[in-house]
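Per our numbering, residue 200 is the first one in the sequence shown, and the count goes up by one each step.
Cβ coordinates follow ideal geometry from the N, Cα and C atoms, glycine included.
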Amino acid sequence: MNRTCLAALFLAINIIPLAAQKNLLLKLMKSRPAAFQQLLDEPDKYDIQIIYTQIDRDEQGTPQFKQHSFQLDKNQYYYPASMVKMPIAFMALEKLNKLKIKGLDKNSVMKNGAASPPQTAAETDSTAANGLPSLAHYIKKIFLVSDNDASNRLYEFVGQQALNEGLRQKDYHNLRITHRLGVSGFDEEANRHTNPVSFYEGEKMLYHQGEVYSHEESPWDYRLTETKRGKGYYEGDSLVLQPFDFSKKNYVSLQSFHDLLQAVIFPNDVPPARRFDFSQEDYDFLYQVMSELPRESQHPRYDHEPDHYCKFFLFGDRKEAERMPPNIRIFNKVGWAYGFLTDVSYIVDFEAGVEFFLAATIHVNADGIFNDDQYEYESVGLPFFSQLGQVVYEHEKGRKRRVRPDLRRFQGLGYD
200 MNRTCLAALF LAINIIPLAA QKNLLLKLMK SRPAAFQQLL DEPDKYDIQI
250 IYTQIDRDEQ GTPQFKQHSF QLDKNQYYYP ASMVKMPIAF MALEKLNKLK
300 IKGLDKNSVM KNGAASPPQT AAETDSTAAN GLPSLAHYIK KIFLVSDNDA
350 SNRLYEFVGQ QALNEGLRQK DYHNLRITHR LGVSGFDEEA NRHTNPVSFY
400 EGEKMLYHQG EVYSHEESPW DYRLTETKRG KGYYEGDSLV LQPFDFSKKN
450 YVSLQSFHDL LQAVIFPNDV PPARRFDFSQ EDYDFLYQVM SELPRESQHP
500 RYDHEPDHYC KFFLFGDRKE AERMPPNIRI FNKVGWAYGF LTDVSYIVDF
550 EAGVEFFLAA TIHVNADGIF NDDQYEYESV GLPFFSQLGQ VVYEHEKGRK
600 RRVRPDLRRF QGLGYD
């Protein structure tokens, strides 16, 4: 039996279809009309997609996953924004491990050069304890505050073609990651070129990778719907009255993001093809930085970011000074840009013995104009995530489990 067949068999055994309860999310949202009725009345306006995965364990702790969804559509385009930083981080860490070079690890000094304009070099990092960049420090900044430059440097290390082909080889499809984030001057062709990268131990160079060119193709692009959005957009100070074209921008389906996170949280319980080449120490490191709050970090130090800065579910609409309770941890990544908000999370409550996956995306751009900074993030988007997290969390607390999950591996991760 080939690997594809084995993966399909594994999924058939471990993911229980819930055709009879396929409207559970709709039922939960309808139970809070004040929070959700406006959104449910205009589903096409907000492009909502949701995945909620229940987790039940047997006496040995082996999980079974029951996935519920609402308006899930792998071909419905939405802009993932900073969500793409999650697979970039995973693939960068795996690439480093696969090099198998003595003395080279995620804490080694990593220096990005510049081979051609508009590339820029990165040889120092003032936010690091030693003032030097490393793959681990970049990954930490990605998950704590969604740092754009950190993600771009890892994109340059992995390479555009290797990134996309590597994810598809792992059976993550319906994706394309083809451009850097938050930096000007890079057109489609420039994003195919990635900077030279070197790793060091002291003055000794451990590994050097020259500039790489990508021949990446995306033959499935034509299946995406609504890649041209809205009625206009700003280009500088000029308003262009035509739809904004997303057809060349990044895309990863919500299902793929969910499955990527599931593979890192439960590496032994997904098909082997989908796993990453990580050590147990790597997993512990990822669990720490994915759930760490800005105030818990010393390097970098984030004194002005609230607990909920990158935690949309449950807490996204909280006031700045409010702190998350210590019994709840959220292992996640978020993205927001162009009016699109997305969060993909594994949520645990150590006291209540609750664990579940929740992923959602929504589009809030009432005027249909892009790049005008007039998006309803605070009034519509974040309250949606907070209320959705709360209604699912309350449902989880009331749901009977045969076996209480052992969540100790996610506690005491050494937050600094």
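Q. Nearest-angstrom Cα distance between Y406 and P466?
A. 28 angstroms
Item to complete: Can you say whether Y412 is buried or exposed, counting buried as having 16 or more other CB atoms within 10 angstroms of its CB?
Response: Result: exposed.
Does the region 316-327 come into contact with the region 291-303, if we say contact requires no fewer than three beta-carbon pairs (one atom in each stretch) closer than 8 angstroms?
no
| said: So, with DSSP's three-state summary, where would you put D548? | reply: strand
(message) For F342 and K510, which I take to be in contact (beta-carbon distance under 8 angstroms), what is that distance rounded to the nearest angstrom?
(response) In fact, because the Cβ distance is near 11 angstroms, the residues do not count as touching under 8 angstroms.
- request: Starting from M309, follow its DSSP beta bridges and name the residues at the other end.
  value: DSSP lists F398 as partners of M309.
Excluding sequence positions up to five away, which residues of its chain have a Cβ less than 7 angstroms from the Cβ of F609?
-> Answer for F609: Y486, R528 and V547, listed in chain order.
Open item on the list: Assuming the contact rule is C-beta atoms closer than 8 angstroms, F514 and D502 should be a hit. Round their C-beta distance to whole Å, please.
Closed with: About 19 angstroms; that fails the 8 angstroms criterion.
- Please confirm whether H166 and Y245 have their CB atoms less than 9 angstroms apart. Examination of residue 166 is not possible in this model, given that the chain is present from 200 through 615 alone.
Next on the checklist: Any heavy atom of the ligand ZN closer than 8 angstroms to the beta-carbon of S585?
Outcome noted: Questions concerning the ligand ZN fall outside what the structure shown contains, since it holds no ligand whatsoever.
**Study point:** CA nearest to the CA of E258, picked from R600, L612 and S452
**Key:** R600
With 16 as the cutoff for other CB atoms within 10 Å, does E575 come out buried or exposed?
buried
Fill in: Burial state of Q573, where buried means 16 or more other Cβ atoms lie within 10 Å
It counts as exposed.
query = DSSP beta-bridge partners for Y450?
reply = R375
Next item on the list: Return the chain-ordered list of same chain residues with a C-beta closer than 7 angstroms to the C-beta of E519, the five sequence neighbours on each side being excluded.
Entry: These residues qualify, in order along the chain: P505.
* Asked: Can you tell me whether DSSP reads N531 as helix, strand or coil?
  -> DSSP places N531 within a strand segment (E or B) once states are collapsed to three.
Query raised in the report: Would you call the CB atoms of V426 and Y276 closer than 9 angstroms?
Result: Per the sequence presented here, residue 426 reads as Thr, with Val not at that position. Against a cut-off of 9 angstroms, the Cβ pair of Y276 and T426 comes out as a contact.
Notebook entry, point to check: For R256, does the three-state DSSP call read helix, strand or coil?
Noted result: strand
- Count the other CB atoms, across all protein chains shown, that sit within 10 Å of the CB of R375; report buried if there are 16 or more and exposed otherwise. buried
Practice task
Report yes if the C-beta distance between F269 and I249 is below 9 angstroms; otherwise report no.
Solution key: yes
Q | Coarse secondary structure for L331, derived from DSSP in three states | A | coil
Quick check on A565: does DSSP put it in helix, strand or coil? coil
Considering only the beta carbon of each residue, do S446 and L423 sit closer than 9 angstroms? yes
Q. Would a C-beta distance cut-off of 9 angstroms place L587 and F512 closer than the cut-off?
A. yes
Quick one: grab the DSSP three-state call for M404. Correct three-state label for M404: strand.
query = If we call anything under 9 angstroms between Cβ atoms a contact, is G429 one with F569?
reply = yes
Check your understanding: Within 10 angstroms of its Cβ, does P262 collect 16 or more other Cβ (buried), or is it exposed?
Key -> buried
Any idea what DSSP makes of F539, helix, strand or coil?
strand
- Query: Between which two residues does the beta strand (DSSP E) containing Q236 stretch?
  - Reply: Not the beta strand (DSSP E): Q236 falls in the alpha helix (DSSP H), residues P232 to D240.
- Report yes or no: is there a C-beta of chain D within less than 9 angstroms of the C-beta of K273? Structure shown: chain D not included; a single protein chain is present.
Inset, instruction - Return the residue from the list S578, E480, D386 and D571 that minimises the CA-CA distance to D516. - result: Ranking S578, E480, D386 and D571 by CA distance to the CA of D516 puts S578 first.
If you drop the 5 nearest sequence neighbours on each side, which residues of the same chain put their C-beta closer than 7 angstroms to that of N449? P279, V283, R375, I376, T377 and H378
- Start-to-end residues for the alpha helix (DSSP H) that takes in G381: First-last for G381: undefined, no H or E at that position.
Report task. Buried or exposed for R352, please, with buried defined as at least 16 other CB atoms from any protein chain shown within 10 angstroms of its CB. Result -> buried
With the cut-off set at 9 angstroms, would you say N373 and L334 are in Cβ contact? no
Which residue from K403, Q360 and V553 puts its Cα closest to that of N390?
Q360
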